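Count along the sequence shown from 1, add 310, and you get the number used in the working numbering.
First up is the structure itself, then whatever we jot down about it.
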Amino acid sequence: GGEGDNALPVYPVIEKEIPPKEGDVFSHGIYKAAKATIEGVAQTNGYFDAKWLNSSVDIILPDNTADVDLIYDTKTRYHFDDIKIYSIDKQGNLTDDPDKLPLKPKLMKALMTYQKGDAYYQPFVSEFTNNLTATRYFNGVDV
311 GGEGDNALPV YPVIEKEIPP KEGDVFSHGI YKAAKATIEG VAQTNGYFDA
361 KWLNSSVDII LPDNTADVDL IYDTKTRYHF DDIKIYSIDK QGNLTDDPDK
411 LPLKPKLMKA LMTYQKGDAY YQPFVSEFTN NLTATRYFNG VDV
C-alpha cells in the first residue's frame, strides 16, 4: 500500500520475481532476504516512513505448507527541499557564506544531480557526492 504502489514500477516486478514463490520449499533466510529487498527499494526511493502492515508466515502442518503474507505500506515519498551548501571556515566554524565555499555557487549547482521538488532517489545523492569529491576541492563530503 501507499504512494509507492503507483510510483514504483519495480514493485510488481519484485512481487513476481523474488522468492519465495508458490510451490517453493520455505526458507526463513529467503523470506528475510525478500523483505530486505522490498525495504531497500523503499529506502532508495525516499519512502523513509514505510512500514510493514503484516509480515507473517503461517505453517500449516497437516498440509506441510507455509502461507507467507507480506503487506508493505510505503506511505508518502520524500522530495528534495532547498539545497544548502555549508563549508568549514578557517576558524573551524560552519558557514554558508558563498565567498567561503571552495567552489562558486554556480559551479556547485552545475554539479548537482537533483533540484528542489525532485522525488528523492539515493543514486542522485551518491552521484552529487561523487561529483563534488571529483573536483578535489573537498577533503570530505557529507550529503
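Backbone N, C-alpha and C define an ideal beta-carbon position, used for all residues, glycine too.
Quantities reported herein were computed from a predicted structural model and do not represent experimental measurements.
Going by other Cβ atoms of all chains shown within 10 Å of its Cβ, with 16 needed for buried, is residue 404 buried or exposed?
exposed
Beta carbon of residue 361, beta carbon of residue 379: below 8 Å?
Between residue 361 and residue 379, the C-beta spacing is not below 8 Å.
Between which two residues does the beta strand (DSSP E) carrying residue 375 extend?
375–383
Give a yes or no on contact between the region 413–431 and the region 333–346, applying the rule of three or more CB pairs nearer than 8 Å.
no
Sorted by chain position, which residues of the same chain lie with C-beta nearer than 8 Å to residue 408's C-beta, five sequence neighbours on each side aside?
414 and 415
Report yes if the C-beta distance between residue 412 and residue 388 is below 8 Å; otherwise report no.
Between residue 412 and residue 388, the C-beta spacing is not below 8 Å.
What is the residue span of the beta strand (DSSP E) that residue 367 lies within?
361–370
Could you give the DSSP three-state label for residue 417: helix, strand or coil?
helix
Leaving aside the five residues before and after residue 369 along the sequence, list all residues of the same chain whose C-beta is less than 7 Å from its C-beta, in chain order.
Closer than 7 Å at Cβ, skipping near neighbours: 376.
Taking Cβ positions, are residue 390 and residue 426 nearer each other than 8 Å?
yes
Out of 327, 450, 430 and 324, state which residue places its alpha-carbon closest to the alpha-carbon of residue 356.
430
Cutting at 6 Å between CB atoms, please list the residues of its own chain near residue 423, excluding the five before and the five after it.
434, 437 and 438
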